[in-house]
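Trainee: Take a look at this one; I'll ask things after.
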Amino acid sequence: MEQNLPPREVEALKTLLRDDTIIIQKSDKGNSVVVMNKIDYIARMHELLSDRTKFRELNIAEGKDYNFIINQELRIRKVLGDLVKSGAMTQECYDKIAPSGTQPSVLYGLGKIHKPTVNNVPKLRPILSAINTPTYKLSQYLNKLMKPFTTNQYTAKDSFAFAEDIRKQDASLAMASLDVDALFTNIPLNETIEICCQLLFKDTDRVDGLSRTEFRELLTIATTESFILFDGRYFQQTDGVAMGSPLGPTLANIFLGYNECKWLADCPDAFKPLYYQRYVDDIFLLFTNIECLEQFKTYMNMQHPNMNFTSELEVDDSLAFLDVFVSRMRGQFVTSVYRNPTFSGVYTHYDSYIPQQYKSGLVYTLLHRSFNICTNWEQIHCEIRTIKSIMLKNGYPAILIDKTVNYFLNKLFVKREVQSTTQSSKTYQIILPYLGIFTSRAEKKIKRALTEHFPDVKINFVYRASTRLRSLFSFKDRIPAYLRSGIIYKYTCNSCNAVYIGETFRHQHTRFCEHMGISGLTGKEMKSKKDSAIRDHLLTCDGVITHDSFVIIGREADLIARRVKESLHLFFL
Numbered sequence: 000m001e002q003n004l005p006p007r008e009v010e011a012l013k014t015l016l017r018d019d020t021i022i023i024q025k026s027d028k029g030n031s032v033v034v035m036n037k038i039d040y041i042a043r044m045h046e047l048l049s050d051r052t053k054f055r056e057l058n059i060a061e062g063k064d065y066n067f068i069i070n071q072e073l074r075i076r077k078v079l080g081d082l083v084k085s086g087a088m089t090q091e092c093y094d095k096i097a098p099s100g101t102q103p104s105v106l107y108g109l110g111k112i113h114k115p116t117v118n119n120v121p122k123l124r125p126i127l128s129a130i131n132t133p134t135y136k137l138s139q140y141l142n143k144l145m146k147p148f149t150t151n152q153y154t155a156k157d158s159f160a161f162a163e164d165i166r167k168q169d170a171s172l173a174m175a176s177l178d179v180d181a182l183f184t185n186i187p188l189n190e191t192i193e194i195c196c197q198l199l200f201k202d203t204d205r206v207d208g209l210s211r212t213e214f215r216e217l218l219t220i221a222t223t224e225s226f227i228l229f230d231g232r233y234f235q236q237t238d239g240v241a242m243g244s245p246l247g248p249t250l251a252n253i254f255l256g257y258n259e260c261k262w263l264a265d266c267p268d269a270f271k272p273l274y275y276q277r278y279v280d281d282i283f284l285l286f287t288n289i290e291c292l293e294q295f296k297t298y299m300n301m302q303h304p305n306m307n308f309t310s311e312l313e314v315d316d317s318l319a320f321l322d323v324f325v326s327r328m329r330g331q332f333v334t335s336v337y338r339n340p341t342f343s344g345v346y347t348h349y350d351s352y353i354p355q356q357y358k359s360g361l362v363y364t365l366l367h368r369s370f371n372i373c374t375n376w377e378q379i380h381c382e383i384r385t386i387k388s389i390m391l392k393n394g395y396p397a398i399l400i401d402k403t404v405n406y407f408l409n410k411l412f413v414k415r416e417v418q419s420t421t422q423s424s425k426t427y428q429i430i431l432p433y434l435g436i437f438t439s440r441a442e443k444k445i446k447r448a449l450t451e452h453f454p455d456v457k458i459n460f461v462y463r464a465s466t467r468l469r470s471l472f473s474f475k476d477r478i479p480a481y482l483r484s485g486i487i488y489k490y491t492c493n494s495c496n497a498v499y500i501g502e503t504f505r506h507q508h509t510r511f512c513e514h515m516g517i518s519g520l521t522g523k524e525m526k527s528k529k530d531s532a533i534r535d536h537l538l539t540c541d542g543v544i545t546h547d548s549f550v551i552i553g554r555e556a557d558l559i560a561r562r563v564k565e566s567l568h569l570f571f572l
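Using numbering that gives the first Met the number 0, you'd call the opening residue of the sequence shown number 0 and step up by one each time.
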């Protein structure tokens with residue numbers, strides 16, 4: 000449920016949400032909503048975390064997580080620093096991926112409403128929010144090195160490419176599918192790391208300056224050095240990867256891609272599929288006859304102890320794969336849009352507090368999907384009628400839907416002259432909070448000023464709603480305040496009311512302690528104190544500085560944007 004709320008309705012709705020025992024979360028499939036008792040939700044998540052083969056609880060005392068994460072940052076920076084000293088990594092690369100001002104990853108669960116419940120409680124899929132964790136930038140760096148090995152001849156790029164490819168296949172073959180049970184959590188880490196090393200260093204001794212040993216060390220750090228926050232307690236994942244982890248899809252695809260090539264090469268021809276396409280953990284198969292499926296599934300389940308495959312046969316000459324519905328019709332395969340049985344038809348409501356172009360953009364996106372998946376115009380016509388019916392139920396005016404359909408079709412078939420430009424324009428992105436007509440006015444003023452002073456600059460505007468309905472049903476752990484980073488802060492002297500505005504990319508606790516002249520780790524006075532305008536001011540004033548002297552007045556991860564915000568606060572002092 001992605002309903003965005005105007006500010007005037009937020010407080011009114013909050014008064015209705017006094018009971019925090021209910022939690023609402025958007026399902027990962029079907030645009031449906033899962034409503035759970037919070038106690039059941041926490042108990043189910045702890046069941047997942049109790050698997051000692053995958054997780055272990057860390058003994059971190061309350062308030063000591065700051066020390067833990069600082070020491071973790073220091074360890075990672077030490078390893079990266081040694082690589083710079085040895086010449087295996089450039090200083091520029093170090094500056095990009097060295098961690099600072101990081102936070103623990105937050106674990107939460109999404110309901111598998113398409114799966115059977117246990118005691119009327121939905122099963123949960125663990126998801127990791129890993130942005131700004133100590134290993135996040137390192138993981139992104141390693142992902143780029145390993146990306147060439149995430150696909151092979153059996154990989155389906157997306158549902159559009161699959162739909163186009165399956166229509167070319169022999170429709171006399173029998174359809175079936177396989178699904179890997181809990182792929183991400185069952186990825187054997189050590190084995191997968193060795194596969195990555197084998198693939199990456201097959202024809203070379205160094206990749207991007209790194210040796211095999213150095214790469215293995217970095218990949219091991221990236222997959223095992225993160226700690227997870229859930230229900231106020233900290234855990235470490237010792238095997239497998241969590242969905243949401245930057246390296247999750249990469250390692251899953253490399254592990255399966257590497258092994259499936261060997262498994263299929265060794266598979267007996269008697270039951271080997273004639274067509275095999277995989278998208279992450281979903282596999283579409285074509286056999287000479289349907290009896291081959293069970294033999295092939297048995298064979299695949301024998302290949303690795305961590306991999307368990309479940310299967311599905313075609314029914315009435317049809318089978319769904321991803322969001323594509325494959326049918327056998329008049330001697331050929333045809334494709335159309337597939338919606339899960341749990342699909343509720345809930346999309347962003349027309350009354351949602353978002354820009355108008357986002358609403359028409361949603362209709363356009365659904366039309367684009369139907370055009371690229373459906374085989375013929377008869378199916379596309381039926382899909383357009385379905386889209387219109389669904390969007391009408393979500394409050395969309397018929398005139399808006401029809402207008403978007405006409406625009407979409409005209410863009411496909413009406414030829415337009417390409418206007419050549421003599422100057423190359425630069426494109427930038429500006430993020431604005433969405434405040435209705437006030438945001439529209441601000442956008443027009445910004446565009447007018449840019450056209451006048453910087454005509455070669457193009458701006459794309461992105462809007463953020465201040466409040467979403469799901470934010471009122473929070474089920475994620477909050478990061479402790481002292482671990483916040485990328486902040487703009489204000490200090491007010493308790494003696495003379497002098498004000499100081501500052502910014503930092505590090506933890507607020509670290510920077511505030513520097514102003515106070517004490518160590519953030521020990522709380523003791525620092526022997527070598529860093530420069531501080533606040534401390535210099537207190538030499539001529541009787542004020543007393545504590546953590547309560549500071550107030551966070553803004554947050555921004557980007558350095559330039561953060562300093563611009565700091566300058567604006569200074570200007571309006």
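Glycine is no exception: its CB is placed at the ideal position from the N, C-alpha and C atoms. For clarity, every value in this text was computed on a predicted model and none was experimentally measured.
With distance defined between alpha-carbon atoms, name the residue in A556, G542, V240 and I445 nearest to I126.
Mentor: Within the sequence shown, residue 126 is the residue found at index 127, counting from 1. Selected option, being the one with the closest Cα: V240.
Trainee: Since R463 and S484 should fall inside the 8 Å C-beta cutoff, what is the C-beta to C-beta distance between them, to a whole number of angstroms?
Mentor: Position 464 of the sequence shown, counted from the first residue, corresponds to residue 463. Position 485 of the sequence shown, counted from the first residue, corresponds to residue 484. About 20 Å; that fails the 8 Å criterion.
Trainee: For the putative contact between A87 and S210, defined by C-beta atoms under 8 Å, what is the C-beta separation to the nearest angstrom?
Mentor: As a first step, residue 87 must be located in the sequence shown, where it is residue number 88. As a first step, residue 210 must be located in the sequence shown, where it is residue number 211. A87 to S210, Cβ: 7 Å. Contact.
Trainee: On the CB-based measure, 16 or more other CB atoms within 10 Å of its CB, does T364 come out buried or exposed?
Mentor: In the sequence shown, the residue the question calls residue 364 occupies position 365. It counts as exposed.
Trainee: Quick one: what does DSSP say R124 is sitting in, helix, strand or coil?
Mentor: Counting from one through the sequence shown, the residue named residue 124 turns up at place 125. Looking at R124 - three-state DSSP - the assignment turns out to be strand.
Trainee: Considering only the alpha carbon of each residue, which of T426, T101, I478 and F474 lies closest to D455?
Mentor: The residue given as residue 455 occupies position 456 in the sequence shown. Among T426, T101, I478 and F474, the Cα nearest to that of D455 belongs to T426.
Trainee: Between V362 and T385, what straight-line distance do the alpha-carbon atoms span, to the nearest angstrom?
Mentor: In the sequence shown, residue 362 corresponds to position 363, counting from 1. In the sequence shown, residue 385 corresponds to position 386, counting from 1. If I take the Cα positions, the gap works out to 12 Å.
Trainee: Where D94 and N252 are concerned, what is the direct C-alpha to C-alpha distance, given to the nearest angstrom?
Mentor: Along the sequence shown, one-based indexing puts residue 94 at 95. Along the sequence shown, one-based indexing puts residue 252 at 253. Distance between the alpha carbons of D94 and N252: 29 Å.
Trainee: Identify which residue in D315, H546 and L188 has its Cα closest to the Cα of A173.
Mentor: Here the question's residue 173 lines up with position 174 in the sequence shown. The residue with the shortest Cα to Cα distance from A173 is D315.
Trainee: Have a look at T101 and N66 and give me their C-alpha separation to the nearest angstrom.
Mentor: Numbered from 1 along the sequence shown, position 102 holds the residue referred to as residue 101. Numbered from 1 along the sequence shown, position 67 holds the residue referred to as residue 66. Those two C-alpha atoms are separated by around 12 Å.
Trainee: With a cut-off of 8 Å on the beta carbons, I'd call I186 and L482 a contact; round off their distance for me.
Mentor: Here residue 186 is taken as the residue at index 187 of the sequence shown, counted from 1. Here residue 482 is taken as the residue at index 483 of the sequence shown, counted from 1. Between L482 and I186 the Cβ distance is about 29 Å, and since that is not below 8 Å, they are no contact.
Trainee: Here's a check: name, in chain order, each residue in its chain whose Cβ is nearer than 7 Å to the Cβ of T219, leaving out the five neighbours to either side.
Mentor: Taking the sequence shown and counting its residues from 1, one reaches residue 219 at position 220. Excluding sequence neighbours, T219 sits near I192.
Trainee: Going along the chain, which residues of its own chain have a beta-carbon closer than 8 Å to the beta-carbon of C540, five neighbours each way excluded?
Mentor: Locating residue 540 in the sequence shown gives position 541, counting from the first residue. For C540, where only same-chain residues beyond five positions count, the Cβ hits under 8 Å are C492, S494, C495 and A497.
Trainee: According to the Cβ coordinates, are F161 and V323 closer than 8 Å?
Mentor: By 1-based counting over the sequence shown, the position of residue 161 is 162. By 1-based counting over the sequence shown, the position of residue 323 is 324. Yes, they are a contact pair.
Trainee: Count the other CB atoms within 10 Å of the CB of S26; is the residue buried (16 or more) or exposed (fewer)?
Mentor: Your numbering for residue 26 matches position 27 in the sequence shown. Low confidence applies here, because S26 scores a pLDDT of 44, under 50, leaving its location unreliable and the question unanswered by this model.
Trainee: Could you spell out where the alpha helix (DSSP H) holding D81 opens and where it closes?
Mentor: Here residue 81 refers to the residue found at position 82 of the sequence shown. Element bounds for D81: D64 to S85.
Trainee: Could you have a look at N36 and say whether DSSP puts it in helix, strand or coil?
Mentor: To locate residue 36, count along the sequence shown from 1; it is residue 37. In this structure, N36 counts as strand in the three-state DSSP scheme.
Trainee: Which residue marks the beginning of the beta strand (DSSP E) containing F460, and which one marks its end?
Mentor: As a first step, residue 460 must be located in the sequence shown, where it is residue number 461. From DSSP, the beta strand (DSSP E) with F460 extends over V456 to R463.
Trainee: Taking the continuous alpha helix (DSSP H) assigned at F159, which residues delimit it?
Mentor: Within the sequence shown, residue 159 is the residue found at index 160, counting from 1. From DSSP, the alpha helix (DSSP H) with F159 extends over S158 to I165.
Trainee: Could you tell me which of R534, F183, K489 and K523 sits nearest to D547, measuring between CA atoms?
Mentor: What you label residue 547 is simply residue 548 of the sequence shown in a count that begins at 1. Taking only the C-alpha atoms, the option nearest D547 is K489.
Trainee: At which residues does the alpha helix (DSSP H) containing P248 begin and terminate?
Mentor: Translated into the one-based positions of the sequence shown, residue 248 becomes position 249. Residues G247 to D265.
Trainee: Sorted by chain position, which residues of the same chain lie with C-beta nearer than 8 Å to K146's C-beta, five sequence neighbours on each side aside?
Mentor: Mapped onto the sequence shown, residue 146 falls at position 147. Contacts found: T249.
Trainee: Compute the Euclidean distance between the alpha carbons of A264 and E290, then round it to the nearest angstrom.
Mentor: Residue mapping note: residue 264 aligns to position 265 of the sequence shown, counting from 1. Residue mapping note: residue 290 aligns to position 291 of the sequence shown, counting from 1. One C-alpha to the other measures close to 20 Å.
Trainee: Can you name the start and end residues of the beta strand (DSSP E) that A573 belongs to?
Mentor: Coverage of the chain is limited to positions 0 through 572, which leaves residue 573 absent and any answer about it impossible.
Trainee: Measure the alpha-carbon distance for N305 versus R561 and round it to whole angstroms.
Mentor: To locate residue 305, count along the sequence shown from 1; it is residue 306. To locate residue 561, count along the sequence shown from 1; it is residue 562. So the two alpha carbons sit approximately 46 Å from each other.
Trainee: From this set, N288, S158 and I59, which residue's C-alpha is nearest I372's C-alpha?
Mentor: Sequence index remark: in the sequence shown, residue 372 carries index 373 (1-based). Taking only the C-alpha atoms, the option nearest I372 is S158.
Trainee: So the candidates are E451, S244, P396 and M299; which of them puts its Cα closest to the Cα of T184?
Mentor: Within the sequence shown, residue 184 is the residue found at index 185, counting from 1. The shortest Cα separation from T184 among E451, S244, P396 and M299 belongs to S244.
Trainee: Taking the alpha helix (DSSP H) that L177 falls in, what are its first and last residues?
Mentor: If you number the sequence shown from 1, residue 177 lands on position 178. No alpha helix (DSSP H) contains L177, which is instead part of the beta strand (DSSP E) from A173 to V179.
Trainee: Have a look at Y107, L82, R277 and V179 and flag the residue whose alpha-carbon is nearest the alpha-carbon of D164.
Mentor: Mapped onto the sequence shown, residue 164 falls at position 165. It is R277 whose Cα lies nearest to the Cα of D164.
Trainee: What separation, rounded to the nearest whole angstrom, lies between the Cα atoms of C447 and T509?
Mentor: On the sequence shown, residue 447 is found 448 positions in, with the first residue counted as 1. On the sequence shown, residue 509 is found 510 positions in, with the first residue counted as 1. The sequence as given places Arg at residue 447; Cys does not occur at that position. Roughly 42 Å separates the two Cα atoms.
Trainee: For N301, count neighbouring C-beta atoms within 10 Å of its own C-beta (all shown protein chains included) and say buried if the count is 16 or more, exposed if not.
Mentor: Along the sequence shown, one-based indexing puts residue 301 at 302. The residue you asked about is not Asn; residue 301 is Met in the sequence shown. Flag for M301 reads exposed.
Trainee: What is the C-beta distance between S138 and L57, in whole angstroms, given that I count them as a contact (C-beta under 8 Å)?
Mentor: For the purposes of this step, residue 138 is taken as the residue at position 139 of the sequence shown. For the purposes of this step, residue 57 is taken as the residue at position 58 of the sequence shown. At roughly 20 Å, the Cβ-Cβ gap does not stay under 8 Å, so S138 and L57 are not in contact.
Trainee: Counting along the chain, where does the alpha helix (DSSP H) carrying Q355 start and finish?
Mentor: Start at 1 with the first residue of the sequence shown, and residue 355 comes out as number 356. Note, Q355: alpha helix (DSSP H), Q355 to I372.
Trainee: Is the CB-CB distance between S99 and A129 below 8 Å?
Mentor: For this step, residue 99 is matched to residue 100 along the sequence shown. For this step, residue 129 is matched to residue 130 along the sequence shown. No, Cβ-Cβ distance for S99 and A129 is not below 8 Å.
Trainee: The beta strand (DSSP E) that contains D281, what's its start and end?
Mentor: Taking the sequence shown and counting its residues from 1, one reaches residue 281 at position 282. Segment D281 to F286, the beta strand (DSSP E) holding D281.
Trainee: Is the separation between the beta-carbon of H514 and that of S527 shorter than 8 Å?
Mentor: Along the sequence shown, one-based indexing puts residue 514 at 515. Along the sequence shown, one-based indexing puts residue 527 at 528. Cβ atoms of H514 and S527: not closer than 8 Å.
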